[in-house]
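Enquirer: Residue numbers (the numbering used here): 244 to 408.
Below: one structure in structure tokens.
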Amino acid sequence: MRLACSYPERVHSLIVVDIAPRAYKPRWEREFAAMLGLRLEQMNSRSEVEAALEASIKDWAFRKFLCTNLERSAEGTLKWSVNLPLLQASLPNLFQQVPDEVETFGGPTLFVRGEQSTFVTESDEPLIRRCFPMAKIRVVPGAGHNVHFDQPQAFLQALEGYWPQ
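Put into structure tokens, the structure is as follows:
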């Protein structure tokens with residue numbers, strides 16, 4: 244969203260999934276600490292990592308999502324495929340990357356939000372429309388924040404017919 248509003252000539256169209264163009268309070272510090280605290284070299288499987296994270300991360304779907312970032316090193320041990328220390332250090336900034344007050348993106352924009360999510364609510368719609376005047380907003384029934392994971396078929400249906408030429 245920030246890129247599209249700051250450099251609209253670089254973006255043809257935009258799809259935004261369950262986030263609004265506003266600042267959010269930082270979150271996921273506990274989850275990152277739990278991931279960084281694991282001794283992956285002593286674990287043999289993704290399911291073992293998921294089980295180790297269960298005490299700190301109650302949300303089953305979120306644990307599954309996080310574990311998609313696991314891979315095997317050249318030595319055959321498990322490792323995170325992302326730079327967790329850098330992401331952890333960046334958390335405060337990640338939630339502040341919103342368009343400036345005067346920036347807009349006038350290109351085709353689709354916002355897809357989960358009906359049960361608290362990340363985007365009806366009260367965000369005026370701000371969305373101010374920053375993205377061409378925005379279409381589609382709500383996926385029965386989905387939370389992880390729309391694509393919670394309701395994969397309905398998520399794909401929400402995208403149908405959007406792709407601008």
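Using N, Cα and C, we set each Cβ at its ideal position, and we do this for glycine too.
It should be emphasised that the depicted structure is a prediction, and the values quoted were computed from it without experimental measurement.
How should Val-292 be labelled, buried or exposed, when 16 other C-beta atoms within 10 angstroms of its C-beta is the threshold for buried?
Expert: Buried, since its Cβ has 16 or more Cβ neighbours within 10 Å.
Enquirer: Would you check if there are 3 or more beta carbon pairs closer than 8 Å linking the region 252-265 to the region 343-356?
Expert: The answer is yes - the region 343-356 touches the region 252-265, with three or more Cβ pairs under 8 Å.
Enquirer: Tell me whether Leu-313 sits in a helix, a strand or coil according to DSSP, three-state version.
Expert: If DSSP states are grouped into helix, strand and coil, Leu-313 belongs with the strands.
Enquirer: Could you spell out where the beta strand (DSSP E) holding Arg-273 opens and where it closes?
Expert: Taken as a continuous stretch (DSSP letters only), Arg-273 belongs to no beta strand (DSSP E), being part of the alpha helix (DSSP H) at 272-280.
Enquirer: Along the chain, where does the beta strand (DSSP E) containing Phe-354 start, and where does it finish?
Expert: Segment 352-357, the beta strand (DSSP E) holding Phe-354.
Enquirer: Less than 8 Å between C-beta atoms, sequence neighbours within five positions excluded: which residues of the same chain meet that for Phe-338?
Expert: For Phe-338, where only same-chain residues beyond five positions count, the Cβ hits under 8 Å are Ala-266, Tyr-267, Lys-268, Pro-269, Arg-270.
Enquirer: Where Leu-399 and Cys-374 are concerned, what is the direct C-alpha to C-alpha distance, given to the nearest angstrom?
Expert: Leu-399 and Cys-374: Cα-Cα distance of roughly 25 Å.
Enquirer: For Leu-309, which residues in the same chain have their Cβ closer than 8 Å to its Cβ, ignoring the five residues on either side in sequence?
Expert: Excluding positions up to five away in sequence, the list reads Glu-274, Met-278, Leu-296, Ile-300.
Enquirer: Please look up how many angstroms separate the CB atoms of Pro-358 and Val-382, rounded, as I've assumed it's under 8 Å.
Expert: It is Glu, not Pro, that sits at residue 358 in the sequence shown. Indeed they touch by this definition, with Cβ atoms about 5 Å apart.
Enquirer: Just the C-alpha distance for Lys-379 and Phe-305, rounded to the nearest angstrom, thanks.
Expert: So the two alpha carbons sit approximately 27 Å from each other.
Enquirer: Quick one: Cα of Ile-371 to Cα of Asn-312, how far?
Expert: Going by the C-alpha atoms only, they are around 31 Å apart.
Enquirer: Locate the alpha helix (DSSP H) running through Ala-332, then write down its first and last residues.
Expert: First-last of the alpha helix (DSSP H) with Ala-332: 327-337.
Enquirer: Can you look up Ile-371 in the DSSP assignment and give me helix, strand or coil?
Expert: Ile-371 falls in the helix class under three-state DSSP.
Enquirer: Quick check on Ala-298: does DSSP put it in helix, strand or coil?
Expert: Correct three-state label for Ala-298: coil.
Enquirer: Can you check which of these residues, Val-390, Gly-350, Trp-406, is closest to His-255 by C-alpha distance?
Expert: For His-255, the nearest C-alpha among the options comes from Gly-350.
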